[in-house]
Amino acid sequence: MDVQPMGALPEAVNTLSPAPPALTGTVRRRISEGAIAGALFLCAAVSILTTAGIIGVLVFEAFEFLRAVPLADFLLGRVWTPLFDPPSFGVLPLVAGTTIVSVTAMLIALPVGLLAAIYLSEYAGRNTRRVLKPLLEILAGVPTVVYGYFALTFVTPLLRQVWPQAQVFNALSAGIVMGVMIIPLVSSLGEDAMSAVPNALREAAYGLGATKLDVTLRTVVPAALSGIVAAFILAISRAIGETMIVLIAAGQSTTLQFNPLKAMETMTAYIARVSLGDNPQQSTEFKTIFAVGMLLFIMTFVLNLISQRVLAKYRQVYQ
Amino acid sequence: MSQLPTPNFKLQTAGFRRQLAGRKRWGRVFAALCLLAAMVGLVVLAVLIVDVLAKSRGWLDWQFLTSFPSRKPEAAGVLSALAGSLWLVALTALFSFPVGLAAAIYLEEYAPSNWITTLIQTNIANLAGVPSIVYGLLGLGIFVRTLGLGRSLLAGALTMSLLVLPTIIIASREAIRAVPPSLRHASLALGGTRWQTVWHTVLPMAFPGILTGAILALSRAIGETAPLITIGALTYIAFLPDGPMSAFTVLPIQIFNWTSRPQADFRNLAAAGIVLLLVVLLSANALAILLRDRLQKRN
Amino acid sequence: MTVLTPVLSTPPLVGADADGHAAFDVRDLKFWYGPAPALKDITLQIPARQITAIIGPSGCGKSTFIRCFNRMNELVPGARVEGQILFHGQNLYAPAVDPVEVRRRIGMVFQKPNPFPQSIYDNIAYGPRLNGFKGNMDEFVERSLRQAVLWDEVKDKLRQNAYTLSGGQQQRLCIARALAVEPDAILMDEPCSALDPIATLKIEELMHELAVNYTIIIVTHNMQQAARVSDITAMMMLVDDHRTGTVIEVGETQTIFTRPKDKRTEDYVTGRFG
């Protein structure tokens, strides 16, 4: 059998050796291939380092903070006045602000996003979809600072015409605009889930005398339910983590209350506001942002994990 | 088996017809509702654009583009913010693109299926969902303080790089995965090494897709505000950055700063800044779509 | 292309209904996907309460044809039909007829088992619920499952996901699901193509039982199956440069398989074709 030179051709030519070329390859090649693989691995490992960095920074600083403030006081306290004397570090008002804004946003994003997803997946013709999807992508790509501007200078004045008692900075306006911002996320992930439902199921339903509405609501949506739920959870996570809209439009009040027409501060907006100010970086007040950040990270991380779990379960059904 | 359906050869029975008519009516209502929902986002987008265009009228001019920020709205401009944004996105691209691409190549072409790979993959998916302000806290803790880079462009660009890295990796992986395995086999069968196969065969095929993903990821970096606020990018910069260690501001932060002032003139300046920002982003998007189309045509 | 005179037209019509109609009376049917005709010049009668098999080489339009009987083809954009299909004397394609009603009256079983990713019970109950069934659903589900000879295998796990069943059981579940809408006829589009021989045998036995009460049309690429189960066989073939499908011969199954009139049918059933 003829042995073809498997090593690098130039070397094989240069050696001029009458012996058949070795199939083990050159040492230089093996080293360089190994070095490349190693370098690529290091780049992939940057993501692990990032997570480790996030957790490290947050845990380290939050731990410093918790040496000054007991955990129970932080998590269960109802008064958030880090800059008063004596300061109080109860995070509940910020959690309440985050909750009110997020719930408002979800009241818009989930139903509208789901219906839009159904439209894209079941009703829109190919051409309509080809126009609509990039436009929704643009909506998703608008920077959040722009949405914040829109909430404060356009939506809030409108709201104040309907409810004159609404404050200039209020949670409702931020929530509404945030909801609109999240619509594309829900509609795009929801559409993915519904498009993955095999056509055979739609045919089965039509074959039983189902109308288009029956097929959509009784077959496609239930079959895509895990994907839709995963999209919903991701949407909630996105709302909790959004900063600029609330920083600009929702105000800075850290009083624990639930009226969306009043000003509220979310966890994210608090972090940004303290960063903007000029508190000394070694003060307990400044360390609060890492404690709040830790809480924020845990909340979104858990939601993202749940969303991935739900999605993994749903993939198993059709594969 | 005995009482089987007495065949009803009339295709129209009164009761069923009525019930079906009701179902169809609901079907039409529902279809209209879905269409409406799909339009909500577009209508808001249109209103938003018209609104900022109207408010920016008379403000978006040459003087606006070439002036530094100022206390007097009529003299204020975005020059330093624009320069800062360009610096930031260039540095971010410099850091994030090679690393992201390399990570994608590793995961698609090299990674053995073991727990480390699974960990990296899960981790990337999770990082994509971490709020941007948390990246800001990371940047503040590591780059600004521990590494002592201060509130510099470099610290900002490194923070942004970590932020967009998951997006770049995910997009690049998709592009690499779309290259048919038969081409890899062809290259390997000709005696190419793994890296030669990747470099000469896979990457040229996948490159337009990778570039599209990278542009979209970087356009996110252009519009991002919160993490830069956290690491302490300044809002009032009356000079042009002269290097990676320079203090800086960016377009979104300038917009935020003008928005948070109560005077109407500053809000109009913010609108002008928004128009500029949207033009930049839409151009980037258009470029990405153009590349995607060219890729689709070629394959 | 000559229009065929259906063999069945010789009176007395086997399997006529009480009014003397055939179950289906196809008259000069033509069908298009977009500009190119996919079917043309199909004229034949399908007797009530018997099994009619449609055979022919792959790609000849068998599935397209069977989907004309319950107007499933209309779900494809650009589909167009000309001609008539009379169902017990009524034109399925008359303007006043609603395709949803047609599909409720004429059930369908598909090539691959396609149960909904729901419980066995909910799969059966799907159709009755659509139609506003008011009655004892448990009894109804049991009756449908018994009709499909599946009851004994699943009675203890009605709440389990239908995907836990074997392929053959899933296909019988789909038959039971179709029966639960109380149709008058059942269309089967290669119902055994994804099944093993034992599961296939069970479906074939079931078809014989169902034929007592239902008109059944089955598309099959398996000639032995057509010979085993059907009373009537229709042979389809591509004509016009292999672009358009049509029925070239129809008759009692025994005749088609032993003394076909058309040379092409003979070639096909004896295995000499392509």
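Chains as they are written, first to last, in numbering that gives the first Met the number 0: chain A, 0 to 318; chain B, 0 to 298; chain C, 0 to 273. Backbone N, C-alpha and C fix where the C-beta goes; we use that ideal spot for every residue, glycine too. What you are looking at is a predicted structure, and each value in this text was computed from that prediction instead of being measured.
Are the C-beta of Gly96(A) and some C-beta of chain C separated by less than 8 Å? To locate residue 96(A), count along the first sequence from 1; it is residue 97. Gly96(A) does not count as touching chain C.
Any beta carbon of chain B sitting closer than 8 Å to that of Asp97(C)? Indexing the third sequence from 1 puts residue 97(C) at position 98. Output row for Asp97(C): interface = yes.
Spatial neighbours of Ser306(A) in its chain, beta-carbon cut-off 6 Å, leaving aside the 5 residues before and after: The residue you call residue 306(A) lines up with position 307 of the first sequence. By the criterion of a C-beta distance shorter than 6 Å, Ser306(A) is surrounded in its chain by Ala229, Ile232, Leu233, once the five residues flanking it on both sides are discounted.
Length of the line joining the Cα atoms of Glu60(A) and Lys286(A): As a first step, residue 60(A) must be located in the first sequence, where it is residue number 61. As a first step, residue 286(A) must be located in the first sequence, where it is residue number 287. Each residue's alpha carbon lies about 6 Å from the other.
With the cut-off set at 8 Å, would you say Phe115(C) and Ala199(A) are in Cβ contact? Taking the third sequence and counting its residues from 1, the one referred to as residue 115(C) is at position 116. Taking the first sequence and counting its residues from 1, the one referred to as residue 199(A) is at position 200. The answer is no: Cβ separation not under 8 Å.
Give a yes or no on whether the C-beta atoms belonging to Glu107(B) and Met159(B) are separated by under 8 Å. Taking the second sequence and counting its residues from 1, the one referred to as residue 107(B) is at position 108. Taking the second sequence and counting its residues from 1, the one referred to as residue 159(B) is at position 160. With respect to the 8 Å criterion, Glu107(B) and Met159(B) are not classified as neighbours on the basis of their beta carbons.
Who are the near neighbours of Glu265(C) in its chain, counting only those whose CB is closer than 7 Å to its CB and skipping five residues on each side? The residue you call residue 265(C) lines up with position 266 of the third sequence. Closer than 7 Å at Cβ, skipping near neighbours: Pro259.
Can you pull the chain A residues whose beta carbon is under 8 Å from the beta carbon of Pro165(B), in chain order? In the second sequence, residue 165(B) corresponds to position 166, counting from 1. Simply Ser46.
Taking only three categories from DSSP, how would you classify Trp162(A)? In the first sequence, counting from the first residue as 1, residue 162(A) sits at position 163. Three-state DSSP puts Trp162(A) in coil, outside helix and strand.
For my contact list, Gly52(A) and Leu137(B) are in at a C-beta cut-off of 8 Å; report their separation, rounded to the angstrom. One-based indexing of the first sequence puts residue 52(A) at position 53. One-based indexing of the second sequence puts residue 137(B) at position 138. Between Leu137(B) and Gly52(A) the Cβ distance is about 5 Å, and since that is below 8 Å, they are a contact.
Cβ of Arg217(A) less than 8 Å from any chain C Cβ? Within the first sequence, the letter at position 218 stands for residue 217(A). It does; some Cβ of chain C falls within 8 Å.
Spell out whether any CB of chain C is found under 8 Å from the CB atom of Asp213(A). Within the first sequence, residue 213(A) is the residue found at index 214, counting from 1. Interface flag for Asp213(A) against chain C is set, since a Cβ pair is found closer than 8 Å.
Where does the unbroken beta strand (DSSP E) through Arg26(C) begin, and where does it stop? Sequence index remark: in the third sequence, residue 26(C) carries index 27 (1-based). Per DSSP, Arg26(C) belongs to the beta strand (DSSP E) from 23-32.
Do Val100(A) and Leu74(A) count as a contact pair if the criterion is CB distance below 8 Å? As a first step, residue 74(A) must be located in the first sequence, where it is residue number 75. As a first step, residue 100(A) must be located in the first sequence, where it is residue number 101. Not a contact, by the Cβ cut-off of 8 Å.
With burial defined as no fewer than 16 other Cβ atoms inside 10 Å of the residue's Cβ, what is the status of Met0(A): buried or exposed? Position 1 of the first sequence, counting from 1, holds the residue named residue 0(A). The pLDDT assigned to Met0(A) is 40, lower than 50, so where the model puts this residue is not dependable; a value taken from the coordinates is nonetheless given after this. Under a 10 Å Cβ-count criterion, Met0(A) is classified as exposed, with fewer than 16 other Cβ atoms of the shown protein chains found around its own Cβ.
Residues bridged to Trp79(A) (per DSSP): The sequence position of residue 79(A) within the first sequence is 80, counting from 1. Bridge partners of Trp79(A): Phe88(A).
Alpha carbon of Ile197(C) to alpha carbon of Gln168(C), nearest angstrom: To locate residue 197(C), count along the third sequence from 1; it is residue 198. To locate residue 168(C), count along the third sequence from 1; it is residue 169. Rounded to whole angstroms, Ile197(C) to Gln168(C) spans 11 Å at the Cα level.
For the region 198-213 of chain A, enumerate the residues whose C-beta is nearer than 8 Å to any C-beta of chain B, in chain order. Residues of the region 198-213 of chain A with a Cβ closer than 8 Å to any Cβ of chain B, in chain order: Thr210, Lys211, Leu212, Asp213.
Chain-ordered residues of the region 220-243 of chain A with a beta carbon less than 8 Å from chain C: Correct list: Pro221, Ala222.
Check each residue of the region 58-88 of chain C: if its Cβ is closer than 8 Å to any Cβ of chain A, include it; give the result in chain order. Listed by position along the chain: Asn69, Met71, Leu74, Pro76.
Quick one: using the 10 Å Cβ neighbour count with 16 as the cut-off for buried, is Ile105(C) buried or exposed? Within the third sequence, residue 105(C) is the residue found at index 106, counting from 1. Sixteen is the threshold: when 16 or more other Cβ atoms of the shown chains lie within 10 Å of the Cβ of Ile105(C), as they do, the residue is buried.
Going by Cα to Cα distance, which pick from Gln110(C), Glu73(C), Ala210(C) is closest to Pro190(C)? By 1-based counting over the third sequence, the position of residue 190(C) is 191. Measuring from the Cα of Pro190(C), the nearest candidate turns out to be Gln110(C).
Please determine, among Val43(B), Asn284(B), Val51(B), the residue with the shortest C-alpha to C-alpha distance to Ala263(B). On the second sequence, residue 263(B) is found 264 positions in, with the first residue counted as 1. With distances taken between CA atoms, Ala263(B) lies nearest to Val51(B) out of Val43(B), Asn284(B), Val51(B).
Have a look at Gly140(A), Phe257(A), Leu65(A), Gln251(A) and flag the residue whose alpha-carbon is nearest the alpha-carbon of Ser259(B). Against the second sequence, residue 259(B) aligns to sequence position 260. Taking only the C-alpha atoms, the option nearest Ser259(B) is Gln251(A).
Rounded to the nearest angstrom, what separates Tyr267(C) and Leu149(C) at their Cα positions? Residue 267(C) sits at position 268 when you count from the first residue of the third sequence. Residue 149(C) sits at position 150 when you count from the first residue of the third sequence. Taking the straight line joining both Cα atoms gives about 35 Å.
What does Ser170(C) reach in chain A if we use C-beta pairs closer than 7 Å? By 1-based counting over the third sequence, the position of residue 170(C) is 171. Here residue 170(C) turns out to be Gln, not Ser, going by the sequence shown. Neighbours of Gln170(C) on chain A: none; closest Cβ ~12 Å, over 7 Å.
Assuming Glu248(C) is part of the beta strand (DSSP E), what are its boundary residues? Numbered from its first residue, the third sequence carries residue 248(C) at position 249. In this chain, the beta strand (DSSP E) harbouring Glu248(C) covers 243-251.
Cβ distance (whole Å) where Leu151(A) is taken to contact Leu260(A) below 8 Å: Taking the first residue of the first sequence as position 1, residue 151(A) is located at position 152. Taking the first residue of the first sequence as position 1, residue 260(A) is located at position 261. Contact flag wrong, Cβ pair sits at about 15 Å.
If you measure from the beta carbon of Glu100(C) to each beta carbon in chain B, is any gap under 8 Å? Translated into positions along the third sequence, residue 100(C) becomes position 101. The C-beta of Glu100(C) comes closer than 8 Å to at least one C-beta of chain B.
What are the residues of the region 102-135 of chain C that lie near chain B, defined by any Cβ-Cβ distance shorter than 9 Å? The residues in question are Arg103, Arg104, Leu129, Asn130, Gly131.
How is the beta strand (DSSP E) around Asp137(C) delimited, first residue to last? Taking the third sequence and counting its residues from 1, the one referred to as residue 137(C) is at position 138. Counting along the chain, Asp137(C) falls outside any beta strand (DSSP E), though it belongs to the alpha helix (DSSP H) covering 136-146.
Using a cut-off of 8 Å between C-beta atoms, extract the partners of Arg176(C) located in chain A. Stepping through the third sequence from its first residue, residue 176(C) is reached at position 177. In chain order: Ala203, Leu207.
Measuring CA to CA, which of Ser274(A), Lys312(A), Pro279(A) is closest to Leu139(B)? Here residue 139(B) is taken as the residue at index 140 of the second sequence, counted from 1. Considering only alpha carbons, the answer is Ser274(A).
Would you verify that the beta carbon of Tyr235(B) is, or is not, closer than 8 Å to some beta carbon of chain A? Translated into positions along the second sequence, residue 235(B) becomes position 236. No, no contact with chain A.
8 Å Cβ cutoff, Val180(C) in contact with chain A: As a position in the third sequence, residue 180(C) is number 181, starting the count at 1. Yes, contact with chain A.
Verify whether the separation of the beta carbon atoms of Gly21(B) and Thr210(A) is less than 8 Å. Locating residue 21(B) in the second sequence gives position 22, where the first residue counts as 1. Locating residue 210(A) in the first sequence gives position 211, where the first residue counts as 1. With a cutoff of 8 Å on beta-carbon distance, Gly21(B) and Thr210(A) are scored as not near each other.
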